[in-house]
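Going line by line, the protein sequences match chains A and B. Mapping of the first sequence onto the numbering used here: position 349 corresponds to residue 349, and the numbering continues sequentially without gaps. Mapping of the second sequence onto the numbering used here: position 364 corresponds to residue 1364, and the numbering continues sequentially without gaps. C-beta: ideal position from N, C-alpha, C; glycine also.
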Amino acid sequence: MVGVRIDKLVKRFGDTQVLRGVDLDIPDGAFAVLVGPSGCGKSTLLRLIAGLDRASSGSIRFGEREVTELEPRERDIAMVFQSYALYPHMSVRANLEFGLRLRKTDAAVMQARVDEVAKMLDIGHLLARLPRDLSGGQRQRVAMGRAIVRRPALFLFDEPLSNLDPALRTQVRVDIRKQHDQLGATSIYVTHDQVEAMTLADRLFVLQAGQVQQSGQPIEVYRAPINCFVAGFLGSPAMNLLDRELSQSDAGWSAGELAIREPQAFTQLAPGREVVVGVRPHDTSVCSDEHADLRLHVDVVETLGPELTVHGELQTAPGRAFIAALPSEHAVRRGDVIPLRVDRLHLFDRQTTRSLR
Amino acid sequence: MSPVRVLARALTILLALWVGLVAKPARAEQPVQLWHAYRGAEEQALVEILAGFEGEVDVLAVPYDAYAAKLESSIPLGEGPDVYIDAHERLGNFRERGIVAALPFAVDPNQYTVNANAAVHFEDQVWALPLSQKCLALYLNTDLVSETPASLEAIAALAASLPEGVYPLAYEARGAYAHAAVLAAFGGQLFDEQADDYAFEGEAAVRSLDYVKALLDAGVVPEDADGALVTTLFAAGKAATVFSGPWLASDLGDAIHYRVVPLPIVEATGQRLRPLLTVEVALLSPRGATNPEAIRLIQALAGPEAAAIRARVARSLSARVDVPSSEDPLLAAFAEQSELAQLMPSTSAMRSVWEPANRAIRKVLRGDMPTEDALAEGRGRFDDVRRPPPPPASATPLVVVLGLLSLFGAGWLIHRARTRSGLAALRRSLPAYAYIAVGTIAVAVLVVLPILFGAGASLFAGKSSEMVYVGFGNFREILTARGGSLLASGSFYVVLAVTVLWTVVNVSLHVGIGLVVGLLLSRPAMRLRGLYRVLLIVPWAVPSYVTALAWRGMFHRQFGAVTGLINAIDGWFGLSIEPIAWFARFSTAFTANVATNTWLGFPFMMVVTLGALAAVPKDVLEAAEVDGASRWQRLTKITLPMIAPTMLPAVMLGTIWTFNMFNVVFLVSGGDPDGTTDILVSEAYRWAFTRDAQVGYAAAYAVLIFLLLLATSRLVDRISTRVKGAG
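If you want it as structure tokens, here you go:
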């Protein structure tokens, strides 16, 4: 079990720079999630950590050990692939034993470990089968088992749930977290799915364009996104981002028609400053007409059960899409104009996109 | 008619239909058809002769190798030529097959030489008109030898006075055709008086061979010389004298000064060397004999004007006595020689003499065997080829089996039609049958019929014109090695062992090299791999016989590229590796064949490997890498097991191709030495085409090959199912 420390890691493919100086610090035993849109470099970063690709510059350390130039097999890691990458010509048991055999593990020990893992993942009845005779979920568990049975210091997961159907995904997500807590080894998990990211991570790293935009506990990152990208990327439905200008009056600070109710939370407030105002759909609520910050002209209502996702246009700015998430007891229909109160907002500089908090 | 005859007749009709499908459709009233196999100056002479002929003639020049086969297959169908030109020694065979007609007009024997008359007269009839005569004579390089040596011993004695590297004499010592001349000087013959039997045995044969062996051992005559080498040596001034025919003169330029004289005597016996004489003749097909135009043409071809043109343009020696030849010293010399020559017999038995005689001569000259033993073996081979066919068998068992089968089949059909509402089902499926009809017919005509025809032919023995039903007689003879030792050279089991060795070695090399090259080429990091891929596929794209001939040339002992390479290595490193006589020993001849076939075969396996590798997911290999597998372990434990199911069918295909790789064996080693490198198909070919046309026997070989391959592929299928089951 090791912590992982990455310094100024750069990866180029020809002229394209995929990683532009990434710094990561993952404490021993943590569950780290790398999240970002496709093409952000998160899979490349994972492959560099695994040793499947070589870094152009920078360093990777596992604990005190410098591993940047080491072969994957010298790194004491295990990886679960998106496609599971099971050995198709071997039985499940042989798949599990493969890494142990290569390390010339004693037969009795091997047997014991395979049985233990099979029990833990409930795949004991599948041991004699070939991968092609397994369902998607079973394959996923075998792939997990193949990683666990080796007892590596570090687990790497490359979008391991993306080939599963949604119901199974939730269950396996929980299983993965459980197993992590049980085994206590450091895990690095790559996904583009923010639900996985939020639910699994001890430490979240949001990547974009080959750089870490923000890291921290998921809830911190969610509550205080450091820039427009992180703000827009995390959270579902996505945060509404509106271009406004700051102004100060007797009533206090406001950004366009939106009143800033807690100006003390922000720095650098100046009248006339051009900002981006971020409003999470969940931070809106229906209010009486006179207290309304915004009026939403409703186009589409999606009923999710406990809440409604309301898509519409702001009456003050026709053509600007806006989303609100409201409790489902409100009867909202297409064509309604509903008054909304913004309970909490985020401010970003329009040029730098950085938070004013 | 007996059932046997019916079956034989049916087979003949099938054969006729077969050839008829391939041959051109009949034409209406048309010009006289003339076929020949001439090339070069002789063809020019023919063109000039025809230019002076009043009448329309269609001329077809047929490649020599295919000539006899084309004649034999087309004339019986009323196709082919009215008039054709060939060597007289084929006359016996042509008469047996009825593809030549006796001349329907009188011929004055006084117009032709004695030998020419003898060549065309049979049973008081004249069967062809003689055109020209060919035989070996002695060519002297007058720059190297001023006086005509009086004897073979005098030629051998030239060695002392000739420059380094010049042979006193070159000729095709390893061939029975040239050896017949030496044999005559010792009072021996290849054929007996009636030319019905092999006569290459006894004291004369032993002495003649020992004499020639001594010449080779003394370095007087080069070893392993073929016709091309004789020409090359003489044209390059590397041979002071050669035995060769009139064809050599046309290959020599003005740079070489030479003279032609009759072959010398052997002092040991005081007798003269007497070469075999071939008479080129013009023949009439049965159709041509009824065509006045064809008769006019054949007379013009054999007339004195034509002979004069032939003498002038092609310098060929006329078979007529009324064409003066003394103006051209070359023709004068050949005229003198031809009177001393022995006329080549034209019986069909004669055709079976060559292979055993050639093999015996080679064995002696190579020093593989005492002369007497080699000659006895030759005798045995001749008898083996000329042995009587297996006794005719009663066809009753066959008829009964076929009858029972058809009865059973009919019963089954009726049963089906009655039960399960068979007719209705059939009617429902009619559109489906229509869809597969074309494919079924194509497969039936192209695959099933030939197999049935071949299998049927294996039950018969004798010449194709008079096949006799012998049941499983051919198979019995093959499997009992015709009463000889099962382990004797040329027995089915020995050839089978060679074939299996050949297949195993080749396929291992194909797969091994194909895999390695495929793995190298599949590495994305490699530069220019597209180019390499194309270059490496080239051997596969070149027709195999072209490749085979090129490799045969490269393995030539004196002039091949391999010898050139050995010489170069000797030069660079100061070594003294001797050039290898590749086709003198089994091991080297086999190696040469394998080298050629490996060159031909590995690209296929490479392509299959590349295809199979493309189907191995990258992340599975990466998973193994993370799991701790080294590069080698990833190859052996992941890549190879994963591509094995794809490779197996290709290996099976490669096995079948190699098992039947006729081209390479036939063209590179040609079975040398002594038929030991022959595989089953080339052995079958020899039975069908060089050993007295034993088609039925060859067909039995083919059926055995078919059964062997069928069994093998079933076996591999089993294995591959198991591999797939496990992987």
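In whole angstroms, give me the CA-to-CA distance for residue i and residue j.
i	j	result
A1595(B)	V1668(B)	10 Å
A985(B)	A1225(B)	Look at the range of chain B in this structure, 1001 to 1727, and you will see that residue 985(B) is not part of it.
L340(A)	L126(A)	55 Å
A1481(B)	F1472(B)	14 Å
A1457(B)	F1590(B)	32 Å
F1408(B)	L1060(B)	52 Å
V142(A)	L86(A)	8 Å
P225(A)	E71(A)	37 Å
V1703(B)	V1664(B)	21 Å
K1024(B)	L1034(B)	The predicted position of K1024(B) is uncertain, since its pLDDT is 48 and thus under 50; a value taken from the coordinates is nonetheless stated next. Spanning the two alpha carbons is a distance of roughly 16 Å.
V174(A)	M1652(B)	50 Å
V1242(B)	A1159(B)	14 Å
I1155(B)	E1267(B)	11 Å
A1282(B)	A1101(B)	11 Å
Q315(A)	E220(A)	32 Å
A231(A)	M239(A)	6 Å
A1488(B)	T1690(B)	20 Å
F157(A)	E69(A)	21 Å
R132(A)	P88(A)	7 Å
L1752(B)	V1448(B)	For chain B, the structure presents residues 1001 to 1727; residue 1752(B) sits outside this window and is missing.
P1329(B)	R1312(B)	12 Å
Name the chain B residues whose beta carbon is nearer than 8 Å to that of residue i?
i	result
L269(A)	Residues of chain B passing the Cβ test: none, with the nearest at roughly 51 Å.
S83(A)	P1617, D1619
Whose Cβ in chain A lies nearer than 9 Å to the Cβ of residue i?
i	result
A1629(B)	R73, F98, G99, L102
A1548(B)	In chain order: nothing, as chain A lies at least about 39 Å away.
Which chain B residues sit within Cβ distance under 7 Å of residue i?
i	result
A50(A)	V1626
I77(A)	V1626
Name the chain A residues whose beta carbon is nearer than 7 Å to that of residue i?
i	result
I1638(B)	Y87
A1614(B)	Within 7 Å Cβ-Cβ: nothing; A1614(B) doesn't reach chain A, min ~15 Å.
Interface residues of chain A around residue i at Cβ under 8 Å?
i	result
Q1633(B)	L102
Based on Cα-Cα distance, which residue from the options lies nearest to residue i?
i	options	result
S366(A)	R146(A), L48(A), F62(A)	Since the displayed chain A opens at 1 and closes at 357, residue 366(A) lies outside it and no answer follows.
L345(A)	Q213(A), L154(A), S285(A), V149(A)	S285(A)
T353(A)	L102(A), E274(A), S83(A), L294(A)	E274(A)
A1395(B)	A1374(B), L1459(B), V1445(B)	L1459(B)
Q1299(B)	T1712(B), N1597(B), I1085(B)	I1085(B)
S1749(B)	P1246(B), L1680(B), L1426(B)	Since the first and last residues shown for chain B are 1001 and 1727, residue 1749(B) lies out of range.
I1577(B)	F1586(B), T1639(B), R1585(B), G1564(B)	G1564(B)
R169(A)	V195(A), L154(A), G145(A)	V195(A)
T1499(B)	L1521(B), V1517(B), F1659(B), L1183(B)	F1659(B)
F98(A)	H180(A), R146(A), F229(A), V279(A)	R146(A)
R350(A)	S288(A), L164(A), G137(A), L246(A)	L246(A)
Y1532(B)	A1181(B), V1607(B), H1556(B)	V1607(B)
A1614(B)	T1148(B), R1714(B), L1521(B)	L1521(B)
R333(A)	I26(A), A317(A), L356(A), L308(A)	L308(A)
Indicate whether the contact test is met: 3 or more Cβ pairs, each with one atom in the region 207-217 of chain A and one in the region 31-47 of chain A, closer than 8 Å.
yes
I want to know whether the region 1185-1197 of chain B touches the region 1363-1379 of chain B - three or more CB-CB distances under 8 Å.
no
Quick check for students: name the residue ranges of the alpha helix (DSSP H) that lie wholly in the region 133-189 of chain A, counting only runs of 4 or more.
136-148, 166-183
Meets three-Cβ-pair contact criterion under 8 Å: the region 1252-1260 of chain B and the region 1341-1359 of chain B
Result no; under three Cβ-Cβ pairs closer than 8 Å.
Any chance the region 1271-1280 of chain B sits against the region 1117-1137 of chain B, with 3 or more Cβ pairs inside 8 Å?
yes
My parser needs the alpha helix (DSSP H) runs of 4 or more residues fully inside the region 81-139 of chain A; what are they?
92-102, 107-121
With contact counted as at least three CB pairs below 8 Å, one residue from each stretch, are the region 290-301 of chain A and the region 327-340 of chain A in contact?
yes
Are the region 183-191 of chain A and the region 98-114 of chain A in contact at 8 Å, needing three or more beta carbon pairs?
no
Specify whether the region 1119-1130 of chain B and the region 1093-1101 of chain B touch according to this definition: at least 3 beta carbon pairs, one from each stretch, less than 8 Å apart.
Yes, since at least three Cβ pairs between the region 1119-1130 of chain B and the region 1093-1101 of chain B fall closer than 8 Å, the two stretches touch.
Identify every run of the beta strand (DSSP E) within the region 1149-1202 of chain B, keeping only runs that are complete inside it and at least 3 residues long; order them along the chain.
1167-1170
If we count Cβ pairs, one from each stretch, closer than 8 Å, do we get three or more for the region 1227-1238 of chain B versus the region 1165-1179 of chain B?
Cβ pair count under 8 Å is three or more, so yes.
Looking at C-beta atoms only, is the number of pairs between the region 1565-1573 of chain B and the region 1510-1529 of chain B that lie closer than 8 Å three or more?
no
Looking at C-beta atoms only, is the number of pairs between the region 1382-1402 of chain B and the region 1705-1716 of chain B that lie closer than 8 Å three or more?
Verdict: no, contact absent.
Considering only residues of the region 274-326 of chain A, which uninterrupted alpha helix (DSSP H) runs meet the minimum length of 4 residues and lie entirely inside it, listed in chain order?
none
At a cut of 8 Å, does the region 1293-1309 of chain B reach the region 1050-1067 of chain B through at least three beta carbon pairs?
yes
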